[in-house]
Amino acid sequence: MDGREVRFGMLTRETESSGGPGVRRVLERIGRLVLTYVALHTVAWVIIALLVSSEDSFTDVMRLGFGMLAFIGIPTLLLALLAGLAHTQMDVTKFRAGVAFPMAFFVWPLLGASYPQPLVFQLLCQIAFAAYLMPAPLVPENWTGPPQ
Numbered sequence: 074m075d076g077r078e079v080r081f082g083m084l085t086r087e088t089e090s091s092g093g094p095g096v097r098r099v100l101e102r103i104g105r106l107v108l109t110y111v112a113l114h115t116v117a118w119v120i121i122a123l124l125v126s127s128e129d130s131f132t133d134v135m136r137l138g139f140g141m142l143a144f145i146g147i148p149t150l151l152l153a154l155l156a157g158l159a160h161t162q163m164d165v166t167k168f169r170a171g172v173a174f175p176m177a178f179f180v181w182p183l184l185g186a187s188y189p190q191p192l193v194f195q196l197l198c199q200i201a202f203a204a205y206l207m208p209a210p211l212v213p214e215n216w217t218g219p220p221q
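In this text, residue positions in the sequence shown follow the numbering used here: the first is 74, and each later residue adds one.
Printed below as a string of structure tokens:
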């Protein structure tokens with residue numbers, strides 16, 4: 074049996090190693106996923122705050138951006154997390170394209186904005202995250218490759 078010996082006081086037993094990814098490694102990848110999206114969202118809203126010519130101050134637009142993180146960011150992160158954990162066989166390019174399309178729908182609260190910049194830059198943020206920055210596959214140890 075390919076395993077490790079575990080000691081509990083005087084008792085000794087052999088356990089089988091699972092060979093799967095460690096919990097710490099998976100949590101690191103999930104943390105990277107979240108931090109990457111939050112950083113990208115923040116950069117997008119800094120650009121929006123600098124470009125929008127309105128009566129609102131920079132801080133007001135940034136507050137709106139952090140509010141949009143709840144409406145847009147949480148569903149995006151949940152989709153990326155669940156799809157990333159379920160992704161074990163699909164080609165990475167097809168996976169990213171398949172996830173980018175639903176992520177674009179999460180910008181719907183910005184359709185009523187007075188200016189086009191929030192919608193445009195948030196949509197670009199969603200596409201950039203899905204196409205380039207999202208770690209895919211989320212758990213590389215579970216990835217078996219595209220079906221033959």
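Cβ atoms here follow ideal geometry from the backbone N, Cα and C, with glycine treated the same way.
These numbers come from a predicted model, not from an experiment.
Here the C-alpha atom of Asp129 lies approximately 10 angstroms from the C-alpha atom of Met135. For the pair Met176 and Ala153, the Cα-to-Cα distance works out to about 9 angstroms. A straight-line Cα-Cα distance of about 5 angstroms links Phe179 and Ile145.
When C-alpha distances from Ala209 are compared across Pro189, Lys167, Met141, Gln195, the shortest belongs to Lys167.
Per DSSP, the unbroken alpha helix (DSSP H) holding Asp133 starts and ends at 131-141.
In this structure, Ser127 is the residue among Arg97, Arg98, Ser127, Arg105 with its C-alpha nearest to the C-alpha of Pro191.
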